[in-house]
Structure formats: structure tokens, C-alpha cells
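For reference, the structure is listed below as C-alpha cells.
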């Protein structure tokens, strides 16, 4: 059974940077679509970024130009580099693996951006 473990969250000032990592175990993610989603209180979970097995990427409109998703299939990890953070980026960030239409989720990591 796949397990996704996020790390790298924390408290940062507006304008700062954080790097989130997601380590997958119990599976090999090389052929999977991997993504980062986030959810803040009172809001629905939203896509932040995703990366396919061929390396193509999609980003949510609010993070384009500031966030970069990458994958290291040799290490079975996916990363999210977040720059120029804003207070509205404050949320719990979840790693997701999608295979054959099914999505598995990590437990999430809190990112808090102070203004």
C-alpha cells in the first residue's frame, strides 16, 4: 500500500521560500501523476501543481511563476519549491499520487506565511 510522507512545512515570512518534499513508499511512482494540493480553513482543497510521468506540469493560477514542482524518480520523491510566499499561501499542503484514476493522499504539512 502506498504511503506518502510530506516534509518541509513551517512558518515563514512573506516574501520568503520553503521547499516541500514528498517521499513515497510501498510503490514506485515513476509512471504516476504526482501533485501538491492545499487546503485552508473554510476552503476547498485546490490543486497547487502536478507533474506527469513525462515531466509535463500544471500549476494553479495563483502560484504560477512562484512555485516549481519537480520529481526525482530515482529517489521516489516529489518536491515543491515555493518562492515569494504570500499570506494567502497559508494552508495545509498535501501530496497526491494518481494512478488509473485513483488518488492517494499524504497526511499533509502545514505552511504558515506571516505578513
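Numbering (the numbering used here), first residue to last: -9 to 105. Note that CB positions come from ideal geometry on N, CA and C, so glycine has one too. As the structure is a computational prediction, the values presented were derived from the model and not from experiment.
Which value, in whole angstroms, describes the spacing of the CA atoms of residue i and residue j?
i          : j           : result
residue 52 : residue 34  : 15 Å
residue 1  : residue 102 : 5 Å
residue -1 : residue 99  : 5 Å
residue 76 : residue 57  : 12 Å
residue 43 : residue 3   : 33 Å
residue 70 : residue 13  : 12 Å
residue 15 : residue 66  : 8 Å
Just grab the DSSP bridge partners of residue i for me.
i          : result
residue 81 : 101
residue 68 : 12, 61
residue 20 : DSSP output for residue 20 lists no bridge partner at all.
residue -3 : 11
residue 3  : 104
residue 25 : 40, 86
Using a 10 Å radius around the Cβ and a threshold of 16 neighbouring Cβ atoms, would you call residue i buried or exposed?
i          : result
residue 40 : buried
residue 90 : exposed
residue 92 : exposed
Assuming residue i and residue j are in contact, meaning their beta carbons sit under 8 Å apart, how far apart are those beta carbons, in whole angstroms?
i          : j          : result
residue 72 : residue 62 : With a Cβ gap of about 17 Å, residue 72 and residue 62 do not count as contacting.
Self-check item: Three-pair Cβ contact test at 8 Å for the stretch -7 to 1 versus the stretch 41 to 50
Solution: In short, these stretches do not touch, since the Cβ pair count stays below three.
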